[in-house]
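Enquirer: In this note's numbering, the protein residues as written are 25 to 404.
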Ligand code: AN7
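(1) Check whether the Cβ of residue 111 lies closer than 8 angstroms to any heavy atom of the ligand AN7, and answer yes or no.
(2) Within a Cβ cutoff of 7 angstroms, which residues of the same chain sit near residue 32, ignoring the five residues on either side of it in sequence?
(3) Taking the continuous beta strand (DSSP E) assigned at residue 111, which residues delimit it?
(4) Using the three-state DSSP reduction, which class does residue 37 fall into: helix, strand or coil?
(5) Does the contact criterion of 3 or more C-beta pairs under 8 angstroms hold for the segment 325-340 versus the segment 360-371?
(6) Run the CB neighbour count on residue 292, radius 10 Å, all protein chains shown included, and call it buried at 16 or more, exposed below.
(7) Please look up how many angstroms separate the CB atoms of residue 340 and residue 82, rounded, as I've assumed it's under 8 angstroms.
(8) Mapping the DSSP letters down to three states, classify residue 224 as helix, strand or coil.
(9) For the 8 angstroms Cβ check, are there 3 or more pairs between the segment 161-174 and the segment 192-211?
(10) Below 8 angstroms, is the gap between the Cβ of residue 215 and the nearest heavy atom of the ligand AN7?
(11) Starting from residue 267, follow the beta strand (DSSP E) in both directions and report where the run begins and ends.
(12) Is residue 367 near the ligand AN7, judged by its Cβ being under 8 angstroms from some heavy atom?
(13) How about residue 183 and residue 217: do their beta carbons lie closer than 9 angstroms?
(14) Are the CB atoms of residue 114 and residue 290 within a distance shorter than 9 angstroms?
(15) Pick helix, strand or coil for residue 331, following the three-state DSSP scheme.
(16) Skipping 5 residues on each side, what residues in its chain have a beta carbon closer than 6 angstroms to that of residue 394?
(17) I believe residue 309 touches residue 349 by the beta-carbon criterion, under 8 angstroms. Please report the beta-carbon distance rounded to the nearest angstrom.
(18) So, at 6 angstroms on beta carbons, what are the nonlocal neighbours of residue 311 in its own chain, with the 5 sequence-adjacent residues on each side left out?
(19) In the DSSP assignment, what are the bridge partners of residue 132?
(20) Going by CA-CA distance only, name the one from 303, 181, 276 and 383 that's closest to residue 93.
(21) Between the beta-carbon of residue 86 and the beta-carbon of residue 148, is there less than 9 angstroms?
(22) Express the C-alpha separation of residue 272 and residue 316 in angstroms, rounding to a whole number.
(23) Does the ligand AN7 have a heavy atom nearer than 8 angstroms to the CB of residue 294?
(24) I need the DSSP call for residue 31, collapsed to helix, strand or coil.
(25) Under 8 angstroms: does the beta carbon of residue 337 sit that close to some heavy atom of the ligand AN7?
(26) When DSSP labels each residue in this structure, what does residue 384 get in the three-state scheme?
(27) For a test of your reading of the model: does the CB of residue 398 fall under 8 angstroms from any non-hydrogen atom of the ligand AN7? Yes or no.
(28) Could you say which of 328, 288 and 174 lies nearest to residue 375 if we only look at CA atoms?
(29) Since residue 134 contacts residue 156 with CB under 8 angstroms, what's their CB separation in whole angstroms?
(30) On the CB-based measure, 16 or more other CB atoms within 10 Å of its CB, does residue 382 come out buried or exposed?
(31) Going straight from the alpha carbon of residue 270 to that of residue 37, what length do you get?
(32) Which value, in whole angstroms, describes the spacing of the CA atoms of residue 202 and residue 230?
(33) Scan the segment 137-220 and note each continuous alpha helix (DSSP H) run of 4 residues or more that stays entirely inside, going in chain order.
(34) Does the beta carbon of residue 184 fall short of 8 angstroms from some heavy atom of the ligand AN7?
(35) Nearer than 8 angstroms: is that true of the beta carbon of residue 115 relative to any heavy atom of the ligand AN7?
(36) Looking only at C-alpha atoms, which of 327, 366, 285 and 211 sits nearest to residue 305?
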């Protein structure tokens, strides 16, 4: 008899709240169940009394939150008889699609913007055997092409316009509510296509009596009649706060952006696919959108690595960068509980990390003397 129950992934764990039945073959890599880490040092550094938790989604099997949606999307694609999946991606979706397709024994086609995805993500897509199609264009061009080609070829789209993706991703909110015993006051996320902020809101609504007996219209899957909702257990929902990179901030501009640019390549998206739903999430939750400069994003990434020991990719640090600014200004008041989602692991983008690292990289002779002086010279 095993001493503890084996965790076998989020679909099995939350199967009564997801669109599966007992005959569904689950395509899983044990995703979900990620740590919610309370920051020890950063609140003091910014001089405010707040509880900041980071949900470390970089610890999913392929290193990003995309696994939550992909296990669901690929499970349903296989159940529906699909032999191939396709997505456009800034990197993480392609890595997840490639891995879950490999797991399922089907083909993944991934369209990525040439030269604009982080190295780790490209390595993943290639290693898992996806057919990688680099396009001379950006994510938004890729997304348009994927929608067009899916009308002419037998492939299932696994971008977040596939409603099963948001169903899988909503489970991150379930985990947070279960761990804190209530929803946080604020939930901050980086926003690209705005699928994840929408998915979290669906999750919080399904877990809250505040949404009444109907689930918010933001639920793409069920149009407000979610038969998978288990029923309310807590009476609060967070304000949802979405941060974009300044060079890629259509929600701040109030319209689509044609040539998005940012060091946070994961969220280099100018035409968000969940545009209407994300506006609804902001309205219903009483939250807001804001933008962070590339400098703020990289500074937050570095602060987190140096002062908390947590390594996330640049896009992910956008949630903390924005939250820190709003905590400092008092827009997020002292006494609040704040969750920041760290959407992807820092190892995804080693180039950006090394480029901005200021830690001394010492090369010395292989002798005791030189190693000893390297240590004594660098004691803090
Ligand atoms: C690390 O991989 O869109 O607002 O194609 O990889 O739900 O789009 C990635 C998005 C945040 C934004 N953080 O989430 C893709 C892709 C990371 C990401 C986002 C992404 P959404």
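Ideal Cβ positions, reconstructed from N, Cα and C, are used throughout, including at glycine.
Expert: Straight from the coordinates:
(1) Walking along the chain shown from the start, residue 111 turns up at place 87. Yes, Cβ of residue 111 sits closer than 8 angstroms to a heavy atom of the ligand AN7.
(2) The residue you call residue 32 lines up with position 8 of the chain shown. Excluding positions up to five away in sequence, the list reads 52 and 54.
(3) Position 87 of the chain shown, counting from 1, holds the residue named residue 111. Per DSSP, residue 111 is one residue of the beta strand (DSSP E) stretching across 108-112.
(4) As a position in the chain shown, residue 37 is number 13, starting the count at 1. Here residue 37 sits in helix by DSSP.
(5) Yes: at least three Cβ pairs fall under 8 angstroms.
(6) On the chain shown, residue 292 is found 268 positions in, with the first residue counted as 1. By the 10 Å Cβ count, residue 292 comes out buried.
(7) For the purposes of this step, residue 340 is taken as residue 316 along the chain shown, with counting starting at 1. For the purposes of this step, residue 82 is taken as residue 58 along the chain shown, with counting starting at 1. Contact holds; Cβ gap of about 7 angstroms.
(8) Numbered from its first residue, the chain shown carries residue 224 at position 200. Here residue 224 sits in helix by DSSP.
(9) Not touching, per the Cβ criterion.
(10) By 1-based counting over the chain shown, the position of residue 215 is 191. Yes, the ligand AN7 has a heavy atom inside 8 angstroms of this Cβ.
(11) Along the chain shown, one-based indexing puts residue 267 at 243. Unbroken beta strand (DSSP E) run through residue 267: 263-269.
(12) As a position in the chain shown, residue 367 is number 343, starting the count at 1. Flag set: Cβ of residue 367 near the ligand AN7.
(13) What you label residue 183 is simply residue 159 of the chain shown in a count that begins at 1. What you label residue 217 is simply residue 193 of the chain shown in a count that begins at 1. Yes.
(14) Numbered from its first residue, the chain shown carries residue 290 at position 266. Numbered from its first residue, the chain shown carries residue 114 at position 90. Against a cut-off of 9 angstroms, the Cβ pair of residue 114 and residue 290 comes out as a contact.
(15) Translated into the one-based positions of the chain shown, residue 331 becomes position 307. The answer is helix: DSSP assigns residue 331 an H, G or I state.
(16) In the chain shown, counting from the first residue as 1, residue 394 sits at position 370. Apart from the 5 residues on each side of it in sequence, residue 394 sits with its Cβ closer than 6 angstroms to the Cβ of 388 in its chain, given in chain order.
(17) Position 285 of the chain shown, counted from the start, is the residue given in the question as residue 309. Position 325 of the chain shown, counted from the start, is the residue given in the question as residue 349. Not really, about 19 angstroms apart at Cβ, beyond 8 angstroms.
(18) Taking the first residue of the chain shown as position 1, residue 311 is located at position 287. Within its own chain, the residues whose Cβ lies closer than 6 angstroms to the Cβ of residue 311, once the five positions on either side in sequence are excluded, are 263, 264 and 265, listed in chain order.
(19) Counting from one through the chain shown, the residue named residue 132 turns up at place 108. In DSSP, residue 132 forms a bridge with 109.
(20) As a first step, residue 93 is located in the chain shown; it is residue number 69 there, counting from the start. Closest option to residue 93, Cα to Cα, is 181.
(21) Taking the first residue of the chain shown as position 1, residue 86 is located at position 62. Taking the first residue of the chain shown as position 1, residue 148 is located at position 124. Cβ atoms of residue 86 and residue 148: closer than 9 angstroms.
(22) Translated into positions along the chain shown, residue 316 becomes position 292. Translated into positions along the chain shown, residue 272 becomes position 248. Going by the C-alpha atoms only, they are around 10 angstroms apart.
(23) In the chain shown, counting from the first residue as 1, residue 294 sits at position 270. In this structure, the ligand AN7 has no non-hydrogen atom nearer than 8 angstroms to the beta-carbon of residue 294.
(24) If you number the chain shown from 1, residue 31 lands on position 7. Note: residue 31 maps to coil in three-state DSSP.
(25) Here residue 337 is taken as the residue at index 313 of the chain shown, counted from 1. Answer for residue 337: yes, Cβ within range of the ligand AN7.
(26) Numbered from 1 along the chain shown, position 360 holds the residue referred to as residue 384. DSSP places residue 384 in coil when its eight states are reduced to three.
(27) The residue you call residue 398 lines up with position 374 of the chain shown. No, the ligand AN7 has no heavy atom inside 8 angstroms of this Cβ.
(28) Along the chain shown, one-based indexing puts residue 375 at 351. Of all alpha-carbon atoms in 328, 288 and 174, the one lying nearest the alpha-carbon of residue 375 is that of 288.
(29) Locating residue 134 in the chain shown gives position 110, where the first residue counts as 1. Locating residue 156 in the chain shown gives position 132, where the first residue counts as 1. 6 angstroms between Cβ atoms; contact.
(30) For this step, residue 382 is matched to residue 358 along the chain shown. Exposed.
(31) For the purposes of this step, residue 270 is identified with residue 246 of the chain shown, where counting begins at 1. For the purposes of this step, residue 37 is identified with residue 13 of the chain shown, where counting begins at 1. Answer to the nearest angstrom: the Cα atoms are 38 angstroms apart.
(32) Taking the chain shown and counting its residues from 1, the one referred to as residue 202 is at position 178. Taking the chain shown and counting its residues from 1, the one referred to as residue 230 is at position 206. Residue 202 and residue 230: Cα-Cα distance of roughly 13 angstroms.
(33) If we require 4 residues or more, the alpha helix (DSSP H) runs fully inside the segment 137-220 come out as 143-151, 163-173, 187-193 and 195-204.
(34) As a first step, residue 184 is located in the chain shown; it is residue number 160 there, counting from the start. Because some heavy atom of the ligand AN7 lies under 8 angstroms away, the Cβ of residue 184 counts as near it: yes.
(35) In the chain shown, the residue the question calls residue 115 occupies position 91. Answer for residue 115: yes, Cβ within range of the ligand AN7.
(36) By 1-based counting over the chain shown, the position of residue 305 is 281. For residue 305, the nearest C-alpha among the options comes from 211.
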